[in-house]
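All remarks here apply to the structure that follows.
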């Protein structure tokens, strides 16, 4: 493992601080990374500020503040700031199921991976384009998918 810092400067004095940007995978402990960089530079170190600029497909510039949420709630326009579940999950492959399967999905039924989808997660929609669940590959049964998150219940399916 290595860290590449694009801008290098020589620091002097008792209180040395610098900023860096890191692109990392899920599970990376950026606070630990800050301590490790200090160790490599020969200084005790810690992280004093962190800004997450992206998480998966979601970017900082697409986010809204708590104040904006409160303002939209007060104005009765809170629905306008949400993105659809379809848009939020658009990077995942989509599987459409019939009414019979949709009924079983609400109870956590396994699905056959008939389309041989290899992506880690699959969104499952009904014929009305409503997202029912997010599925993942079953670890013990090859060719089968298991629900990671079911998004509907009995009442919602009857609508």
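In my numbering, the protein residues as written are 1418 to 1576.
The beta carbon of each residue, even a glycine, is placed where N, CA and C say it ideally should be.
On a predicted model such as this, the values are computed, not experimentally measured, just so you know.
Straight-line Cα distance separating residue 1433 from residue 1463:
Whole-angstrom Cα-Cα distance: 11 Å.
Cα-Cα separation between residue 1542 and residue 1535, rounded to whole angstroms
18 Å
Assign residue 1537 to buried or exposed, taking buried as 16 or more other Cβ atoms, counted over all protein chains shown, within 10 Å of its Cβ.
exposed
Give me the Cα-Cα distance between residue 1481 and residue 1558, rounded to the nearest whole angstrom.
41 Å
How many angstroms separate the CA atom of residue 1405 from the CA atom of residue 1497?
Given a span of 1418 to 1576 for the chain in the structure shown, any question on residue 1405 remains unanswerable.
For the candidate residues 1435, 1466 and 1459, whose alpha-carbon lies nearest to that of residue 1448?
1466
Which first and last residues belong to the alpha helix (DSSP H) in which residue 1457 is found?
1447-1458
What separation, rounded to the nearest whole angstrom, lies between the Cα atoms of residue 1472 and residue 1508?
13 Å
Return the CA-CA distance between residue 1494 and residue 1486, expressed in angstroms with no decimal places.
9 Å
If I follow the unbroken alpha helix (DSSP H) through residue 1517, where does it start and stop?
1516-1522
Quick test of your reading: residue 1549 and residue 1519, contact by CB under 8 Å. State the CB separation rounded to the nearest angstrom.
6 Å
Below 8 Å on the Cβ atoms is my guess for residue 1512 versus residue 1532; work out the distance and round it to an integer in Å.
Contact holds; Cβ gap of about 6 Å.
Check for me: the beta strand (DSSP E) holding residue 1539 runs from which residue to which?
1538-1542
Could you tell me the alpha carbon to alpha carbon distance between residue 1461 and residue 1455, rounded to whole angstroms?
Taking the straight line from one Cα to the other gives about 6 Å.
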